[in-house]
Amino acid sequence: MVTRVRIEIGGMSCANCSTTVTEAIERLDGIESVNVNYATDEGTVEYDPEQVSLREIHEAVESAGYTPISAELTVAVTDMSCANCAETIQTRLLDTEGVLSAEVNYATDEAQVSYDPGVASRDDIYDAIENAGYSPVREESDDGTDGASAADAARDAETARQRRLVLFGALLSIPLSVLTMGGLVGIPVPDAVFGLGKEWIALLLATPVQVVLGREFYENSYTALVKNRTANMDVLIAMGSTTAYVYSVAVLLALIPGGLYFESAALILTFITLGNYLEARSKSRAGDAIRQLLEMEADTARLVTETEDGYADEREVDRDEVQVGDVMKVKPGEQIPTDGEVIDGESAVDESMVTGESVPVEKEPGDEVVGSTINENGVLYVRATKVGSETAIQQIVSMVRDAQSRQPEIQTLADRISAYFVPAVIVNALAWGTLWYLFPETLSGLVTSLPLWGLVGGGPAAITPFEFGVVVFASAVLIACPCALGLATPAATMVGTAIGATHGILFKGGDVLERVRDVDTVVFDKTGTLTEGEMELTDAQVVGARADGAAPVEESDAEGVSEAFLLEVAASAERGSEHPIAQAVVAGAEERGVDVSEPTAFMNVAGKGVRARTDHGTVLVGTPALLRDDDVDPTPADEAREELESQGKTAMLVALDGDLLGVLAVADTVKESAQQAVADLRGRGKTVMLLTGDNERTARAVAGQVGIDPENVRAEVLPDEKADTVESIQSDGSRAMMVGDGVNDAPALAAAFVGVAIGSGTDVAIEAADVTLMRDDPADVLRAINVSEGTLRKIKQNLFWALAYNTAMIPLASLGLLQPVFAAGAMAFSSVSVLANSLAFRRYDPDSRYEVLGFLR
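The opening residue of the sequence shown carries number 1 in my numbering; numbering runs sequentially from there.
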């Protein structure tokens with residue numbers, strides 16, 4: 001069967017581009033025909049879906065250097081009951097034409113779907129989830145904001161529904177339990193009520209519970225077994241409760257001999273529903289941090305119009321009406337409605353909700369501000385730069401949700417177990433129920449010495465072998481709990497990523513959260529990472545020599561070379577550059593009263609400096625290598641340059657028309673927290689290295705200030721060589737974390753075991769980085785490692801409890817040591833306990849290495 005699809009392709013600039021894309025797709029097996037149209041930015045592909053997938057076609061377009069258009073959708077699903085449900089939905093989504101990838105998270109009750117909008121629609125995705133037997137929350141808004149509100153409303157409604165069911169079940173189960181078991185604890189129980197025997201009253205009380213509470217388990221079991229041909233948690237619950245109820249009805253009708261277990265059937269469903277209710281509440285609480293971020297967004301904005309005399313036409317509008325370029329007036333104590341740039345006014349802004357930094361940050365014209373942060377004092381006029389889903393808050397929420405959908409590798413263990421868990425439990429229960437029926441005396445002799453023997457009424461000696469076999473079967477299916485396994489990893493990951501977000505640490509995925517803990521080497525970029533990144537011109541020394549080798553030029557020489565002339569020549573060349581060093585030279589020259597002109601021609605020489613044509617002539621400003629490339633001898637400046645670099649300054653040589661004029665130096669202040677951050681990392685056994693394009697002496701001087709060993713300095717590394725350097729560091733098996741500014745260091749960030757972008761401000765969507773740190777604080781690197789370690793420790797606690805529970809309880813039930821009602825209660829407790837342990841992690845402080853709260857150390 002041949003499928004025909006239309007793909008929108010971005011990035012094509014000519015007919016050759018369409019040819020390149022065509023050839024990339026045609027190399028795939030199963031492609032029947034390809035027609036890529038540069039004029040419409042579209043491609044039509046006919047292919048055999050049994051040989052090649054749409055996702056592989058998209059990947060082929062990407063590998064050719066172009067961008068196939070895809071869309072992302074987060075769908076809330078309200079009625080998953082275990083990890084098997086999530087697996088079923090994910091399989092159905094991946095089988096839907098046009099879906100490129102799908103991740104379904106049972107802990108967050110969400111599906112993250114990537115799809116080709118030219119092939120599939122949002123309705124197709126919703127229909128796929130419904131066809132799998134589950135209920136998606138349909139969104140109305142493309143940006144997901146309405147959908148987020150609808151999802152929260154759906155979760156609240158589901159929690160309320162579960163609470164009503166629990167109350168209904170308890171209202172009938174409690175008197176039923178008193179009626180059937182009251183005599184055992186000294187409560188007088190009449191033999192008949194209104195002329196009906198207590199056995200028939202028990203039937204009347206148990207039946208509504210079986211119908212009302214059991215309905216969803218029966219419906220979900222039918223969907224799982226018949227439509228999806230799989231078995232999930234609902235199948236076990238339905239089998240256990242139905243066995244107790246149907247057996248009791250058969251006994252009551254005198255079809256078979258035995259006792260009544262109506263109270264067990266009712267209590268089983270009530271306990272399980274109580275567990276579902278507590279689980280729904282816990283899931284909701286685990287996502288509180290993200291919802292609180294969204295709730296803190298401003299509702300309105302005060303817009304003004306710029307005039308020659310100031311600002312006028314002040315008016316209040318909804319935040320959603322703000323457009324890029326609008327000017328907003330923000331009074332003291334108000335929230336800044338959206339991301340923007342201060343154009344007038346000065347004030348301190350509380351950014352703790354975004355960065356976790358409690359100290360307000362001073363803002364003045366030219367500074368960026370983040371939407372939803374609070375203006376402490378002074379009136380600010382802010383020009384909107386990002387609105388809607390592009391704001392930092394929305395980007396943070398999006399990144400955290402994406403992170404929660406990508407689970408750590410450790411989750412694969414639980415997934416593999418869960419896939420075979422329910423069928424194995426059913427087979428085990430049938431086997432042991434049959435064995436107890438066939439060989440009651442033999443098995444009794446083996447287990448009567450166990451201390452828990454007798455909890456089911458004395459074993460098969462007290463009741464018939466068939467009845468005991470039924471009890472064992474019901475207990476064995478009810479005691480098993482794949483829910484705990486399914487929740488162990490995603491619940492802890494959800495809390496861990498939220499903890500990171502509240503402290504300005506954004507992990508790209510749960511898999512990244514896991515990898516951070518395993519880092520053994522931390523490689524810091526210098527400028528803007530360990531240093532402030534704000535260069536200042538500190539020195540200008542005339543040390544020139546004639547191009548013909550004559551004596552050095554003196555200030556009194558006829559050439560008129562002076563410090564002012566040196567600065568004028570260099571600053572006029574650097575005027576064409578946006579590099580921080582160039583800006584420091586220009587600013588320093590202007591502060592000293594030097595007139596700086598624009599260059600008539602300019603060229604940046606990567607890693608070496610600049611070459612420019614100015615009113616003075618051809619100017620070189622940069623490294624000795626740059627001067628040598630133009631046959632200018634830099635050696636007369638060696639002594640001055642070495643002295644400046646030994647002080648931790650960055651020195652640059654200046655040449656004019658083949659003559660060496662002098663040396664300039666700029667300095668960058670080391671961040672206050674850098675030294676302590678390096679010391680703390682080394683104290684944790686991490687190797688700390690410095691990677692920079694600066695010269696060796698300056699790099700070593702800065703390394704010395706922050707405590708990095710000289711042998712761990714990699715200096716004079718060109719931008720395009722940083723990735724190779726990181727790979728060489730990892731060549732011996734080291735797992736390196738590269739910490740940089742997320743822009744110039746992008747290749748190195750991508751090459752590292754973990755890439756960390758530090759001090760990214762409002763730009764939280766850096767593709768190359770695995771972790772984004774919102775603050776300019778190197779100490780956040782250690783905090784990120786602490787969050788990773790804490791989360792993995794919590795995941796292991798959860799997995800230990802889930803595996804230990806099932807390992808211990810299934811044999812106990814199989815050996816006849818637990819009644820069904822106890823088994824149901826234990827099963828409900830197991831999944832709730834895993835969530836409770838994860839929620840205890842919410843109080844974790846990333847400034848502390850070890851977790852205080854939790855069931856295990």
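Built from N, CA and C at the ideal position, the CB exists for glycine as well.
Q. In or out: N16 buried (at least 16 other Cβ within 10 Å) or exposed?
A. Counted from its first residue, the sequence shown places residue 16 at position 16. Classification for N16: exposed.
Q | Residues near K671 by beta carbon distance below 8 Å, same chain, minus five either side | A | Numbered from its first residue, the sequence shown carries residue 671 at position 671. Hits under 8 Å: L530, T531, E532, D776, D777, P778.
Q: Could you give the DSSP three-state label for P119: helix, strand or coil?
A: Against the sequence shown, residue 119 aligns to sequence position 119. Here the sequence assigns Val to residue 119, which means Pro is not the residue at that position. V119 falls in the coil class under three-state DSSP.
Q. Mind checking whether R517 and S347 have CB atoms under 8 Å apart?
A. Here residue 517 refers to the residue found at position 517 when the sequence shown is read from its first residue. Here residue 347 refers to the residue found at position 347 when the sequence shown is read from its first residue. Not in contact: R517 and S347 (Cβ atoms no closer than 8 Å).
Q. What did DSSP end up calling S562 once you bin it into helix, strand or coil?
A. Working through the sequence shown from its first residue, we reach residue 562 at position 562. Shown here, S562 sits in coil according to DSSP, grouped into three states, outside any helix or strand.
(Q) I need the straight-line Cα distance from G740 to T40, nearest angstrom please. (A) Here the question's residue 740 lines up with position 740 in the sequence shown. Here the question's residue 40 lines up with position 40 in the sequence shown. Using only the alpha carbons, I get a separation of about 39 Å.
Q: Note down, in chain order, each residue of its chain lying with its Cβ closer than 6 Å to the Cβ of V456, except the 5 sequence neighbours on either side.
A: As a first step, residue 456 must be located in the sequence shown, where it is residue number 456. Residue confidence for V456 is low, a pLDDT of 46 falling below 50, so the modelled location carries little weight; the figure read from the coordinates is stated next. Here the set comprises V471, G816, Q819.
Q. Whole-angstrom Cβ separation of T300 and G340, contact assumed at under 8 Å?
A. Locating residue 300 in the sequence shown gives position 300, counting from the first residue. Locating residue 340 in the sequence shown gives position 340, counting from the first residue. Wrong, their Cβ atoms sit about 15 Å apart, outside the cutoff.
Q. Among L167, A752, N377, L718, which has the Cα closest to the Cα of S731?
A. In the sequence shown, residue 731 corresponds to position 731, counting from 1. Nearest C-alpha to S731 among L167, A752, N377, L718: A752.
Q.
Could you pull the DSSP bridge partners for Y47 from this structure?
A. Here the question's residue 47 lines up with position 47 in the sequence shown. Note: Y47 sits in a beta bridge opposite T3, I31.
(Q) Quick check on DSSP: helix, strand or coil for E8? (A) By one-based count along the sequence shown, residue 8 stands at place 8. Strand.
Q.
Can you tell me whether L100 is helix, strand or coil according to DSSP?
A. The residue you call residue 100 lines up with position 100 of the sequence shown. Residue state, collapsed to three classes: strand.
Q) Which residues in the same chain as D313 place their Cβ atom closer than 7 Å to its Cβ, once the five residues preceding and following it in sequence are excluded? A) To locate residue 313, count along the sequence shown from 1; it is residue 313. Taken in chain order, the residues that qualify are V304, T305.
**Q.** From A238, G259, L260, residue whose alpha carbon lies closest to that of T270
**A.** Residue numbering aside, residue 270 sits at position 270 when the sequence shown is read from its first letter. The shortest C-alpha separation from T270 is found at A238.
Q: Classify F800 as buried or exposed, calling it buried when 16 or more other Cβ atoms lie within 10 Å of its own Cβ.
A: In the sequence shown, the residue the question calls residue 800 occupies position 800. Per the 10 Å Cβ criterion, exposed.
Q) What is the DSSP secondary structure of G662, counted as helix, strand or coil? A) Translated into positions along the sequence shown, residue 662 becomes position 662. Here G662 carries a strand assignment [DSSP, helix/strand/coil].
Q) Among A828, F841, R843, S838, which one has its Cα closest to the Cα of S81? A) Position 81 of the sequence shown, counting from 1, holds the residue named residue 81. Residue A828 holds the alpha-carbon nearest to the alpha-carbon of S81 among A828, F841, R843, S838.
Q) How long is the line joining the alpha carbons of Q90 and V113, rounded to whole angstroms? A) Counted from its first residue, the sequence shown places residue 90 at position 90. Counted from its first residue, the sequence shown places residue 113 at position 113. Computed Cα separation, rounded: 9 Å.
Q.
Cutting at 6 Å between CB atoms, please list the residues of its own chain near L278, excluding the five before and the five after it.
A. Here residue 278 is taken as the residue at index 278 of the sequence shown, counted from 1. Closer than 6 Å at Cβ, skipping near neighbours: V832.
Q. Residues bridged to L656 by DSSP?
A. Within the sequence shown, residue 656 is the residue found at index 656, counting from 1. Answer by DSSP bridge pairing, in chain order: V619, D659.
Q. Can you give the beta carbon distance from A202 to L260, rounded, assuming they're within the 8 Å contact cut?
A. Your numbering for residue 202 matches position 202 in the sequence shown. Your numbering for residue 260 matches position 260 in the sequence shown. With a contact defined as Cβ atoms closer than 8 Å, A202 and L260 qualify at about 6 Å.
Q) Using CA coordinates, which residue listed in Y126, E591, S282 is at the minimum distance from A102? A) On the sequence shown, position 102 is the one that residue 102 refers to. Out of Y126, E591, S282, Y126 has the C-alpha closest to the C-alpha of A102.
**Q.** Identity of the residues DSSP links to K329 by a beta bridge
**A.** Here the question's residue 329 lines up with position 329 in the sequence shown. Paired residue(s): Y381.
Q) In angstroms, rounded to a whole number, what distance separates the CA positions of K813 and A476? A) Within the sequence shown, the letter at position 813 stands for residue 813. Within the sequence shown, the letter at position 476 stands for residue 476. The displayed chain sequence assigns Ala, not Lys, to residue 813. Each residue's alpha carbon lies about 5 Å from the other.
Q. Do A111 and V166 have their CB atoms nearer than 8 Å?
A. Within the sequence shown, residue 111 is the residue found at index 111, counting from 1. Within the sequence shown, residue 166 is the residue found at index 166, counting from 1. Taking C-beta atoms as the reference points, A111 and V166 fail to come closer than 8 Å.
Q. Taking just the CA atoms, how far does G658 sit from D631?
A. Mapped onto the sequence shown, residue 631 falls at position 631. Mapped onto the sequence shown, residue 658 falls at position 658. As the crow flies, the alpha-carbon of D631 is around 7 Å from that of G658.
Q: In the DSSP assignment, find the alpha helix (DSSP H) that holds N84 and state where it starts and stops.
A: For the purposes of this step, residue 84 is taken as residue 84 along the sequence shown, with counting starting at 1. Per DSSP, the unbroken alpha helix (DSSP H) holding N84 starts and ends at 83–94.
Q) From N375 to Q395, what distance separates their C-alpha atoms? A) Here residue 375 refers to the residue found at position 375 of the sequence shown. Here residue 395 refers to the residue found at position 395 of the sequence shown. Taking the straight line joining both Cα atoms gives about 21 Å.
Q) Does the distance from the CB of R611 to the CB of T600 come in under 8 Å? A) Position 611 of the sequence shown holds residue 611. Position 600 of the sequence shown holds residue 600. Cβ atoms of R611 and T600: not closer than 8 Å.
Q: Please state whether DSSP places S13 in a helix, a strand or coil.
A: Here residue 13 corresponds to residue number 13 of the sequence shown, with the count starting at 1. Per DSSP, reduced to three states, the secondary structure at S13 is coil, with no helix or strand assignment.
Q. With distances taken from CA atoms, which of G607, V522, R783, S728 is nearest A736?
A. Taking the sequence shown and counting its residues from 1, the one referred to as residue 736 is at position 736. Residue nearest to A736 within the set G607, V522, R783, S728 is V522 (criterion: CA-CA distance).
Q: Please classify L184: is it buried, with 16 or more other beta-carbons within 10 angstroms of its beta-carbon, or exposed?
A: Here residue 184 refers to the residue found at position 184 of the sequence shown. Confidence is the limiting factor: at L184 the pLDDT is only 47, short of 50, which leaves the residue's position unreliable and the question unanswerable from this model.
(Q) I need the straight-line Cα distance from S597 to A64, nearest angstrom please. (A) Mapped onto the sequence shown, residue 597 falls at position 597. Mapped onto the sequence shown, residue 64 falls at position 64. So the two alpha carbons sit approximately 44 Å from each other.
Q) Apart from the five residues just before and just after E46, which ones in its own chain have a Cβ nearer than 6 Å to its Cβ? A) Here residue 46 refers to the residue found at position 46 of the sequence shown. Cβ neighbours of E46 beyond the five flanking positions: V2, R4, E32, S33.
Q) Is it buried or exposed for Y805, if we count other Cβ within 10 angstroms and need 16 for buried? A) Position 805 of the sequence shown, counting from 1, holds the residue named residue 805. Y805 should be labelled buried.
Q: Compare the C-alpha of E639 against each of V359, L681, R697, A703 and name the closest.
A: By 1-based counting over the sequence shown, the position of residue 639 is 639. Cα-wise, what sits closest to E639 is R697.
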